[in-house]
Structure formats: structure tokens, C-alpha cells
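Worksheet for the structure shown next.
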Amino acid sequence: MSWLTEALKSSLGRKLIMSFTGLFLIIFLVGHMLGNMLLFLEDGGRAFNEYARFMTSTPVIQALSMVTYASIIIHAVYSIIITLKNKGARPVGYAVNSASANSPWSSRNMGLLGTIVFIFLIVHFRSFWYEMKFGNIPMVSYEGTGEFKDLYSIVGQAFSQWWYVLLYVVSMIGLAFHLNHGFKSAFQTLGYTHKKYTPLIEGAGLWFSIIVPFLFALIPVVMFIKSLG
Ligand code: HEM
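In our numbering, the protein residues as written are 7 to 235.
Shown next, in the form of C-alpha cells:
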């Protein structure tokens, strides 16, 4: 197994780990966004609460959740390792090379953007994930069903506070830049560079990075407006 440890410690190995975990998290984001779209329904939260119960009590999904948590931790830890190694390899900045002229802002600030997303995740987990798993959530029942945890009311309560909505909107702008750069570099690391297809992949990445965070940001904004009555 020493070849595996060596491969994981190599510069390319580290980048591959970042790419695989990042691409998995991108797939997670699509599913999470589609599920959260249920919050837009005018059904008193029934579909969302049923969905939340399904997501937190189905064994296959619970296993996928473990992969999601592991991916977030590995992605964050490796980003720190890569940054430290890069700094160690180049303790003094290049004198002539102007970073701002050679690479886009988002690629030079992946650490900052990743930190914004990480802080967002800590607040997000505390407010929703922790409440769903360990909190004292009010119960609700609908015609012909048993009782459900009313996660919809917890989400609605959170998004009735303007500063919470602002935190989500700002974090989603950070997420958009982070995704745009991450999408490109993941495909680069995996070796998909092609005269014809690379611009297509980059275009798809750009649209993805705009649409997904936009829809995520729209949820708190719409729920805040609804909360005003
Ligand atoms: C308005 C936007 C969002 C809403 C309303 C929302 C809502 C929720 C809720 C209610 C939960 C707990 C219940 C569950 O596990 O399904 C949850 C979990 C989670 N959210 Fe979000 N979320 C939003 C955006 C995001 C974003 C942008 C990210 C990532 C950058 C994210 C990452 C996660 C993760 C990793 C979990 C844990 C999933 C699991 O346990 O498998 N969420 N979210």
C-alpha cells in the first residue's frame, strides 16, 4: 500500500483528491438545491418536511451523507496542505511576475473564497443540520400522515431575520466564484484539456456557478419577503 500513500502525498495526488471531492460536492449541491426548491411550494411546508424526513432516515442517503461530510473535511484539509506546501516551495514572491496579470482574481483567492464557504457551512450546520438531528423541533402532522419534524418552520424562522438572509446572499456570491474556478481546475487536473471541449466545459462551469448559487440565494430572499406578510 506504500505506493498509495506515496501517490496521495505527491503534488498531483493531492490535486486529484481536491478534484474528486470537489466534483462529488458539486453533485451534492445539485441534489441539495433541487430538494430545497420545495421550500418555494405554497403547501405549508409539507413536501419539504416529508423530503427532510426521507433524507435523514433512509440508510442509502445516510451513507451518502457520510461521504459528503468526509468530502468536505478532506477537501478543506487538503486545501490547507496544498497552500502551505506552495508557500514553503516559494517563500519569497516572484519579483517580476505579476500575479494579477497572469491569473484571474478567483484563482488567486480560492483560500479566501473557500474560507467564506466554510464559515457559512458552520453557521448552516448549526442552524439546520444540528436542529434536525439533535434539536427540539416542533412536530406537525398533515391529513392522513403521521407526525413530522417541522423543519420548514425552523428554516422560515431563520430566514425571517435580515442579517441571516444577508449572510446567505454574501456566502452564495463567494460560493459562485469558488465554484467557477474549482470547476475549471478540477477538469484541468483530471487531464481534460482540449481545444474544442475546454471552452465548452468552462462555459458550462460558468453557468453552473451562476445558476446554482443564485437559486440558493433566492430561497432566503423569497422566504424573508414572505415572512413580512
Ligand atoms: C438557502 C439555501 C439552503 C437551505 C434552505 C438549506 C437547508 C438545509 C437543511 C434544512 C439541512 C438539514 C436537513 C438535511 O440534512 O437535509 C441542510 C443540510 C446541509 N446543507 Fe444546506 N441548505 C442551503 C444551502 C446550502 C449550501 C449552499 C451548502 C453548501 C455550500 C449546503 C450544505 C449542506 C450540507 C453539507 C448539509 C448536510 C447534509 C447531510 O447531512 O447529508 N447547504 N441544509
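All C-beta atoms, glycine included, are put in the ideal place defined by N, C-alpha and C.
Measuring CB atoms only, is the segment 108–128 touching the segment 175–182, in the sense that at least three cross pairs come out at less than 8 angstroms?
Between the segment 108–128 and the segment 175–182, the count of Cβ pairs shorter than 8 angstroms is three or higher; the stretches touch.
Minimum C-alpha distance to M39 - residue among S113, N142, P219 and E208:
As a working note, residue 39 is residue 33 in the sequence shown. Answer by Cα proximity: P219.
E137 versus T199 - alpha carbon distance:
Here residue 137 refers to the residue found at position 131 of the sequence shown. Here residue 199 refers to the residue found at position 193 of the sequence shown. One C-alpha to the other measures close to 44 angstroms.
Is the segment 27–38 in contact with the segment 184–195, if contact means three or more CB pairs nearer than 8 angstroms?
As far as the Cβ criterion goes, the segment 27–38 touches the segment 184–195, which means the pair count is three or higher.
Where does K232 sit, in a helix, a strand or coil, going by DSSP?
For the purposes of this step, residue 232 is taken as residue 226 along the sequence shown, with counting starting at 1. DSSP places K232 in helix when its eight states are reduced to three.
Under 8 angstroms, do L157 and F54 count as touching if we go by C-beta distance?
Sequence index remark: in the sequence shown, residue 157 carries index 151 (1-based). Sequence index remark: in the sequence shown, residue 54 carries index 48 (1-based). Against a cut-off of 8 angstroms, the Cβ pair of F54 and L157 comes out as a contact.
Pop quiz: W245 and F230 are said to be a contact at Cβ under 8 angstroms. What is the actual Cβ separation, rounded to whole angstroms?
Outside the shown range of the chain, which is 7 to 235, sits residue 245, and nothing can be said about it.
Looking at the strands, I want to know which residues DSSP matches up with M145.
The residue you call residue 145 lines up with position 139 of the sequence shown. Looking at the DSSP assignment, M145 forms a beta bridge with K155.
Answer with buried or exposed for I85, where buried requires no fewer than 16 other C-beta atoms within 10 angstroms of its C-beta.
For the purposes of this step, residue 85 is taken as residue 79 along the sequence shown, with counting starting at 1. The residue asked about is misnamed: residue 85 is Ser in this sequence, not Ile. S85 is buried by the Cβ-count criterion.
Exposure label - M24; buried when at least 16 CB within 10 Å:
In the sequence shown, the residue the question calls residue 24 occupies position 18. Flag for M24 reads buried.
L119 and F222 closer than 8 angstroms at C-beta:
Position 113 of the sequence shown, counted from the first residue, corresponds to residue 119. Position 216 of the sequence shown, counted from the first residue, corresponds to residue 222. Result no, Cβ atoms of L119 and F222 do not sit closer than 8 angstroms.
Exposure label - K91; buried when at least 16 CB within 10 Å:
If you number the sequence shown from 1, residue 91 lands on position 85. With fewer than 16 other Cβ atoms within 10 Å, it is exposed.
What runs of the alpha helix (DSSP H), each 4 residues or longer, lie entirely inside the segment 45–95?
52–63 and 65–95
Cβ-based burial, K155 [other Cβ within 10 Å; buried from 16]:
The residue labelled residue 155 in the question sits at position 149 within the sequence shown. With 16 or more Cβ atoms within 10 Å of its Cβ, K155 is classed as buried.
Best match in K232, I225 and G235 for proximity to T44 [C-alpha to C-alpha]
Translated into the one-based positions of the sequence shown, residue 44 becomes position 38. One detail in the question is off: residue 44 reads as Leu in this sequence, not Thr. Nearest option by C-alpha distance: I225.
If you draw a straight line from the C-alpha of S166 to the C-alpha of N42, how long is it?
Working through the sequence shown from its first residue, we reach residue 166 at position 160. Working through the sequence shown from its first residue, we reach residue 42 at position 36. S166 and N42: Cα-Cα distance of roughly 17 angstroms.
Whose C-beta lies closer than 6 angstroms to the C-beta of T89 among residues of the same chain, with five residues either side of it excluded?
In the sequence shown, residue 89 corresponds to position 83, counting from 1. Counting only Cβ-Cβ distances below 6 angstroms, and skipping sequence neighbours, we find G117.
Cβ neighbour criterion (16 or more within 10 Å) applied to V73:
Along the sequence shown, one-based indexing puts residue 73 at 67. By the neighbour-count rule (16 or more Cβ atoms within 10 Å), V73 is not buried but exposed.
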